[in-house]
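Every position in the sequence shown, counted from 1, becomes a number in the working numbering once 214 is added. Heads up, the beta-carbon is just placed ideally off N, CA and C, and yes, glycines get one too.
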Amino acid sequence: MTSEAPGSQIQAQNGHDEPLLPMGCADPLDTAYDVALLDLDGVVYLGGTAIPGAAQALRKAHAAGMRLAYVTNNAFRTPAAIAALLTSFGAPATAQDVVTSAQAAARLLAERLPAGAPVLVIGGSGLRMAVRERGLRPVSTAMDRPQAVVQGYWPDLSYSLLAEGGLAVAAGALFVASNGDLTLPGRRGRQPGNGSLVQVIATATGVQPLVAGKPEPPLHQESVLRTGAKHPLVVGDRLDTDIEGAHRVGADSLLVLTGVTSPAEAVLAPPSQRPAYLAEDLAGLLEPHPEVTSADGAFGCAGWTARRTENQLELSGEGERIDGLRALCAAAWAAEGVTAESARSAVQRLEGTG
């Protein structure tokens, strides 16, 4: 999957295509791209509560002709349950619009196992259903001699089921994880995610799982297969999953600041995790994105100018916060060496607190 981005500013670095600057786009993103591959938690909702304005933005993007695919690393809920939750928020969604890491993991298993093979499922109904839909047989104990163990996030995960999975993996079963997210965003803060939980079996057996979810390619590849996307835009709140996952499959990405990633973390993003676009929230789908200009070591966006002095960032000007962040990212990404303290100080200036 590759994309030729409008206004793209790309160069090859260490064998990879990485953005020199945040990209500009003269047209609203919902008309420049045919499909939005949307993360859910931290983008559309947070801890089960709708993010203000998200559903309205999605309705407008859908009305403009953009297809919406909800692509989640969470393997717990079924696509139908996720679609029902989204529609309760007012977002346009059907079960066919939802692509889960459970589905990607099930495809990965089906490509490696014979039809009807027993698979020990450590997860909820979404994961069990996905495994069954791929012609495999879910089981719950190592005594069933499973050919594989698949683990996905499940809030009711028990020690006994982890022990069964560990016994099966130790006996030679293929070990697959729906995703490797170390944390989940929530109203009370970051909580342990599936990537933390799979380490119980990995530590006990010395076997690391194959991972289906972001940033690994299988989930986005599954999404493209299901949507027929020609020019997709990955939308997410996490640098290490959504944005890095977009890089790995050659797609442009939009980072929104409603979830895990802070503005300072965006400024400090390594090359493989730099988004093509930045926006405060999903309203960024509905708007053109201004170009970031570069002249004499200074980077400008709208009313803001950012420059580097050695490893320090300097910011001047005024205007919308997101335009200042674009300028800061451009200045930081132009060369290595910006310190975390400098990034935080520049963001404080941007937010008027420094």
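- The segment 495-502 and the segment 510-526 do not touch, with fewer than three beta-carbon pairs separated by less than 8 Å.
- C-alpha of T245 to C-alpha of L350: approximately 40 Å in a straight line.
- The segment 259-267 makes no contact with the segment 516-524, as fewer than three CB pairs between them are under 8 Å.
- Counting the other CB atoms within 10 Å of its CB gives Y373 a total below 16, which places it among the exposed residues.
- Counting the other CB atoms within 10 Å of its CB gives G238 a total of 16 or more, which places it among the buried residues.
- Excluding sequence positions up to five before and after T292, its CB lies within less than 7 Å of the CB of S339, G340 and M343, all in the same chain and listed in chain order.
- Contiguous alpha helix (DSSP H) elements confined to the segment 481-554 occur at 535-547, taking only those with 4 or more residues.
- Membership of I336 in the beta strand (DSSP E) is indicated by the continuous run P332 to I336.
- The alpha-carbon of V481 is positioned some 14 Å away from that of D454.
- Non-local C-beta neighbours of V425 in its own chain, meaning closer than 6 Å and more than five positions away in sequence, comprise A391 and G394, ordered along the chain.
- Runs of beta strand (DSSP E) with 3 or more residues, each lying fully within the segment 369-395, are found at 388-391, listed in chain order.
- Contact annotation: L272 and A318 have beta-carbon atoms that are not nearer than 8 Å.
- Rounded to whole angstroms, the gap between the alpha carbons of G442 and D358 is 38 Å.
- Per the C-alpha coordinates, the member of F389, D311 and A377 positioned closest to R440 is D311.
- With 16 or more neighbouring CB atoms inside 10 Å of its own CB, A478 falls in the buried class.
- Contact between V449 and L252 holds: CB atoms are separated by about 5 Å, below the 8 Å threshold.
- In the assembly as shown, T314 is a buried residue. Its beta-carbon has 16 or more other beta-carbons within 10 Å.
- Partner residues in a beta bridge of L350, as assigned by DSSP, do not exist.
- Note on geometry: alpha-carbon atoms of A331 and G464 lie some 34 Å from one another.
- Under the rule that a run must span 4 or more residues, the alpha helix (DSSP H) segments found entirely inside the segment 386-467 read 408-411, 413-419, 431-441 and 458-463.
- Taking 8 Å as the upper bound for CB-CB distance, I457 and Q487 are in contact here, some 5 Å apart.
- Of the candidates A544, A377 and G473, G473 places its Cα closest to the Cα of P266.
- L396 is positioned such that its CB atom lies closer than 8 Å to that of G407.
- When H276, E555, E524 and L564 are compared, the shortest CA-CA separation from L542 is found for L564.
- Contact annotation: A546 and L529 have beta-carbon atoms that are not nearer than 8 Å.
- Per DSSP, reduced to three states, the secondary structure at A289 is coil, with no helix or strand assignment.
- Distance from the CA of R558 to the CA of P242, rounded to the nearest whole angstrom, comes to 30 Å.
- Bridge pairing for R326: absent [DSSP].
- For the set L254, A385, P360 and V335, the Cα lying nearest the Cα of L376 is the one of V335.
- If you draw a straight line from the Cα of G386 to the Cα of G337, it is about 20 Å long.
- In the assembly as shown, P236 is a buried residue. Its beta-carbon has 16 or more other beta-carbons within 10 Å.
- Residue burial annotation: A250 is buried, with at least 16 other C-beta atoms found within 10 angstroms of its C-beta.
- The alpha-carbon of L433 is positioned some 11 Å away from that of A320.
- For L252, the enclosing beta strand (DSSP E) begins and ends at V249 to L252.
- With 16 or more other Cβ atoms from the protein chains shown falling within 10 Å of its own Cβ, T475 counts as buried.
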